[in-house]
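Residue numbers (my numbering): 366 to 667.
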């Protein structure tokens with residue numbers, strides 16, 4: 366049975382926090398229980414379902430045509446722009462790329478791209494269309510031990526899906542070259558939306574999101590591994606996109622039917638404009654972007 370893990374070294378008291386169902390996709394009506402650590406602020410799923418894979422239906426990984434992939438990558442340069450603020454060339458590893466829009470961007474920018482992906486259809490697409498070096502695995506921290514070192518490791522809204530994010534960060538710290546950077550984005554449990562919406566917040570996304578990880582908890586743990594935080598934001602273009610998604614998905618989850626769902630999506634986007642003043646300052650955005658640099662200091666622990 367898969368289980369989530371406490372923050373290594375944390376002895377804070379955990380309390381029952383939220384119970385909710387799969388509101389975003391409605392696979393079934395099972396209730397999922399989240400625990401909250403009063404010390405670290407980490408929120409983790411207590412009862413991970415044995416059939417977790419069933420909550421990722423085939424349309425979760427819709428594969429675009431080559432032309433569509435190029436358009437998607439061109440339309441959203443935020444991720445590659447973020448990377449190029451710190452590294453402009455070298456070896457790059459993306460963990461959990463799905464069909465690989467960012468990996469495609471990185472290839473186009475001249476990076477040598479490796480990926481770790483668990484979905485077999487996506488792995489074939491990444492090899493044949495994106496042209497990345499692919500490792501097909503559902504255990505990225507183990508898979509990393511078999512790969513070369515990298516100048517950049519990127520996880521875009523992936524770490525919250527992993528049963529052991531701490532092992533992943535540890536493996537990333539070991540894999541990075543000196544002065545290499547780890548870039549990750551994830552839902553922000555300090556978000557104003559979460560405060561307002563509670564258990565119906567779309568970014569809780571039970572049971573696919575096994576964790577909501579505070580940026581400070583990740584920062585403190587990364588520091589023990591020789592990773593220094595050099596960037597944090599909940600107000601960048603990626604976060605604003607997830608703010609809009611939160612309002613749209615909230616309304617969509619309350620209706621049924623193709624056309625009324627589309628109307629709810631549009632109304633949610635309009636609503637997000639009026640809500641923007643409440644979530645346009647750090648740390649209130651729905652998602653954060655973190656960048657860590659590997660220092661030359663000896664790690665305190667693993």
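The C-beta atom is built at its ideal place from N, Cα and C for all residues, glycine as well.
Item: Just reading off the beta strand (DSSP E) that residue 459 is part of, what are its end residues?; Value: 456 to 460
Item: For the beta strand (DSSP E) containing residue 603, name the first residue and the last one.; Value: Unbroken run through residue 603 is the alpha helix (DSSP H), 602 to 617; no beta strand (DSSP E).
Item: State the Cα-Cα distance for the pair residue 645 and residue 446, rounded to the nearest angstrom.; Value: 21 angstroms
Item: Looking at the unbroken beta strand (DSSP E) that takes in residue 384, where does it start and where does it end?; Value: 379 to 385
Item: Residue 486 and residue 428: beta carbons closer than 8 angstroms?; Value: yes
Item: Taking only the alpha-carbon atoms, compute the straight-line gap between residue 482 and residue 516 and give it to the nearest angstrom.; Value: 19 angstroms
Item: For residue 540 and residue 459, I'd like the C-alpha separation in whole angstroms.; Value: 12 angstroms
Item: Please return the same chain residues whose Cβ sits closer than 7 angstroms to the Cβ of residue 417, not counting the five positions on each side in sequence.; Value: 367, 572
Item: Give me the Cα-Cα distance between residue 504 and residue 421, rounded to the nearest whole angstrom.; Value: 17 angstroms
Item: Suppose you measure from the CA of residue 666 to the CA of residue 436; what does that come to, to the nearest Å?; Value: Note that residue 666 scores a pLDDT of 49, beneath 50, so its modelled location is shaky; the value from the coordinates is reported in the next line. Their Cα atoms are separated by approximately 43 angstroms.
Item: For residue 551, which residues in the same chain have their Cβ closer than 7 angstroms to its Cβ, ignoring the five residues on either side in sequence?; Value: 522, 524, 525, 578, 652, 653
Item: Under the DSSP definition of a beta bridge, which residues are partnered with residue 655?; Value: 549, 597
Item: Are any of the Cβ atoms in chain C nearer than 8 angstroms to that of residue 624?; Value: The chain inventory of the structure shown lacks chain C, comprising one protein chain alone.
Item: Could you spell out where the beta strand (DSSP E) holding residue 463 opens and where it closes?; Value: Premise fails: residue 463 is in no beta strand (DSSP E) and is neither H nor E.
Item: Evaluate residue 372 with the Cβ neighbour count: other Cβ atoms within 10 Å of its Cβ, from every protein chain shown; 16 or more gives buried, anything less gives exposed.; Value: buried
Item: Which residues in the same chain as residue 464 place their Cβ atom closer than 6 angstroms to its Cβ, once the five residues preceding and following it in sequence are excluded?; Value: 428, 487, 490
Item: Return the chain-ordered list of same chain residues with a C-beta closer than 6 angstroms to the C-beta of residue 640, the five sequence neighbours on each side being excluded.; Value: none
Item: Cα-Cα, which of 650, 502, 509, 393 is closest to residue 599?; Value: 650
Item: Straight-line CA distance for residue 595 to residue 625?; Value: 43 angstroms
Item: When the Cα of residue 502 is compared with those of 494, 479, 386, which residue comes out closest?; Value: 479
Item: Can you tell me whether residue 545 is buried or exposed, with buried defined as 16 or more other CB within 10 angstroms of its CB?; Value: buried
Item: If residue 590 and residue 534 are in contact, beta carbons under 8 angstroms, what's the gap, nearest whole angstrom?; Value: 7 angstroms
Item: Between the C-alpha atoms of residue 409 and residue 527, what's the straight-line distance to the nearest angstrom?; Value: 11 angstroms
Item: Report back the beta-carbon spacing between residue 468 and residue 494 to the nearest angstrom; my notes put them in contact at under 8 angstroms.; Value: Actually they are not in contact, since the Cβ atoms of residue 468 and residue 494 sit about 10 angstroms apart, beyond 8 angstroms.
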